[in-house]
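Please read the structure below before turning to the comments.
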Amino acid sequence: MRDKELYRRILGIEEPWGVADVELQLERGEVLVHVVNREQRPPCPECGHPSPGYDSRARSWRHLDTCQYRTILMVMVPRVRCPEHGVRQVRVPWAEPGSPFTALYEALIIDWLQEASTAAVARLLGLSWKQVDGVMGRAVQRGLARRKRELPAHIGVDETSFQKRHEYVTAVCDQDKDIVVHIADGRERESLDGFYREFTEEKREAVESVAMDMWGPYIASTEEFIPGAEKKIAFDKFHVAQHLGDAVDKVRREEHKALKEQGDERLKGSKYLWLQNPDHVSDERWAAFEPLRESSLKTARGWAIKEVAMQLWAYRRRGWARRAWNRWYQWAIRSQLEPIKEVARMIKRHLEGILTAIVRRVTNARAEGINAKIQWIKYTARGFRNRDRFRNAIYFHLGGLDLYPAGLSR
Ligand SMILES: [Zn+2]
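The numbering of the sequence shown is numbering that gives the first Met the number 0, which starts it at 0 and goes up by one.
So, in structure tokens, the structure goes:
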């Protein structure tokens, strides 16, 4: 008798529900808690109208473990016959509709998912991958349904690939809250149009900046939907650095190939030396890199052009910054390094947006941070075969959503 009362209290089960029996199955490592409904005329789940009982269905829910024992709620759930809605199963207070887990157990899984991959959580809790994935999916659905839709004042737009190299999603971020607010398929114009279209012209006018890569479709979409876009589009340092980094890498690959044919292995294994951020490199590493970066190699020349461009973000005034970038362009375009010249031309075409990023201090830390977190999500999941799962995982980890079952929001 006392264990029934104990479980009733632990589970928070209230009238008209009660614990009829507690059964310990030692060999299976399970505690079965039998729960009954003692109501004469339970309410219809649709309208709340007290209705005559129709029949009962046996159902079970996994709950938080009792010590090391799996704890399972075994319930004969009544069905009622509502005069208006017909035969319906009554609502249970401990779980959300459609979940095989009590709300508390689902919250535990959500907590674990913040720390580890779906596969790891499934292994740890003795659940199937699909069950854990279902919890994540429901959590995101709840979170999206609850959130208040707002157009951020400072927007960041970024593309990210998943699984196969050429499949993309577009992620829109709120740069003040540091969260992902929208994910769309592809990286076309429509990917961003769909997001902007959700908001009134008045709301869109209030946008102060849109940070992005120098990517035609995003630019065209923003120009159409954001009034005053020409002063709001900002091409942030993170993306410019990426383009120049890729260009330096192309120069290195070509040069390495040419040198190797003459038996010169100087560039072997040097890929990441050229791509590292000098601000984050140890003194020893930097010193070891000196013979290469001070050499007369083409790669060293390309690298120097990139590093100087990175310094141009220190300007505060548009006019000074523009003059400095124009000087840089003259240098880059005469470098005789095709990949560098190509990026230089792209930068010249988009210079006003780069200057906007500089003078408005549009931080790239955020774009870089969210991008790094998305890479982490991909890495821990070992890739995504499915776009919806990838989207769910991004919302789950970066959406700033209230993910918990009803009543457990924190
Ligand atoms: Zn009804």
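We treat Cβ as the ideally placed atom computed from N, Cα and C, and that holds for glycine.
Being a predicted model, the structure only gives us computed values, none of them experimental.
- Distances taken from the Cβ of Ser190 to the heavy atoms of ligand 1 include none shorter than 8 Å.
- A distance of 9 Å or more separates the beta carbons of Arg87 and Pro49.
- Tyr394: member of the alpha helix (DSSP H) spanning Arg386 to Leu397, first to last residue.
- Using a Cβ-Cβ distance cut-off of 8 Å, the stretch 353-363 and the stretch 377-390 are not in contact, since fewer than three pairs of beta carbons, one from each stretch, lie closer than that value.
- Here DSSP, grouped into helix, strand and coil, assigns Thr199 to coil.
- Here Glu26 carries a coil assignment [DSSP, helix/strand/coil].
- In this structure the stretch 251-260 does not touch the stretch 226-239; the number of beta carbon pairs closer than 8 Å is below three.
- One thing to note: Ile154 has its Cβ within 9 Å of the Cβ of Asp173.
- Between the alpha carbons of Glu114 and Gly136 lies a gap of roughly 16 Å.
- For the stretch 173-241, the full-length beta strand (DSSP E) segments reaching 3 residues or more read 178-184, 208-211 and 232-234 along the chain.
- A distance below 6 Å between beta-carbons, with the five flanking residues on each side excluded, links Asp175 to the following residues of its chain, in chain order: His153.
- With a 10 Å radius around the Cβ and a threshold of 16 neighbouring Cβ atoms, Arg251 comes out buried.
- Ranking Gly125, Thr221, Ile182 and Gly185 by CA distance to the CA of Glu200 puts Thr221 first.
- Relative to the Cα of Tyr104, the nearest Cα in the group Thr298, Val76, Ile373 and Ala138 belongs to Ala138.
- Taking Arg146 as the centre and dropping the five residues before and after it, the same chain places the C-beta of Leu400 closer than 7 Å to its C-beta, in chain order.
- In the displayed model, Ile154 falls within a strand according to three-state DSSP.
- A straight-line Cα-Cα distance of about 14 Å links Lys305 and Lys347.
- Within the stretch 48-126, the runs of beta strand (DSSP E) at least 3 residues long that lie entirely inside it are, in chain order, 52-65, 68-81 and 85-88.
- The Cβ atoms of Lys267 and Lys259 lie closer than 9 Å to each other.
- Going by beta carbons, Thr65 and Phe234 fall outside the 9 Å limit.
- Boundaries of the alpha helix (DSSP H) around Ile332: Arg317 to Ile332.
- Of the heavy atoms belonging to ligand 1, at least one sits nearer than 8 Å to the Cβ of Cys81.
- A Cβ-Cβ distance of about 5 Å is found for the pair Met73 and Ser59, placing them in contact under the 8 Å criterion.
- Remark: C-beta atoms of Gly133 and Ser190 do not approach each other more closely than 9 Å.
- With a beta-carbon spacing of about 12 Å, Ala57 and Val35 fall beyond the 8 Å limit used to define contacts.
- Scanning Trp16, Gln67 and Ala313 for the CA closest to the CA of Gln24 turns up Gln67.
- In this structure, ligand 1 has no non-hydrogen atom nearer than 8 Å to the beta-carbon of Glu38.
- For Asp278 and Gln310, the gap between their C-alpha atoms comes out near 11 Å.
- Close CB contacts of Gly244 within its chain, under the 6 Å cut and outside five residues either way in sequence, are with Leu274 (chain order).
- For Trp128, the uninterrupted alpha helix (DSSP H) segment begins and ends at Trp128 to Arg145.
- The three-state reading of DSSP puts Asn36 in strand, counting E and B together.
- Lys202 counts as exposed, since fewer than 16 other beta carbons sit within 10 angstroms of its beta carbon.
- Pro338: member of the alpha helix (DSSP H) spanning Glu337 to Arg348, first to last residue.
- Distances from the CA of Gly28 to each of Phe161, Cys46, Thr70 and Arg8 were compared; the closest alpha carbon is that of Thr70.
- Boundaries of the alpha helix (DSSP H) around Glu289: Asp282 to Arg292.
- In the displayed model, Tyr167 falls within a strand according to three-state DSSP.
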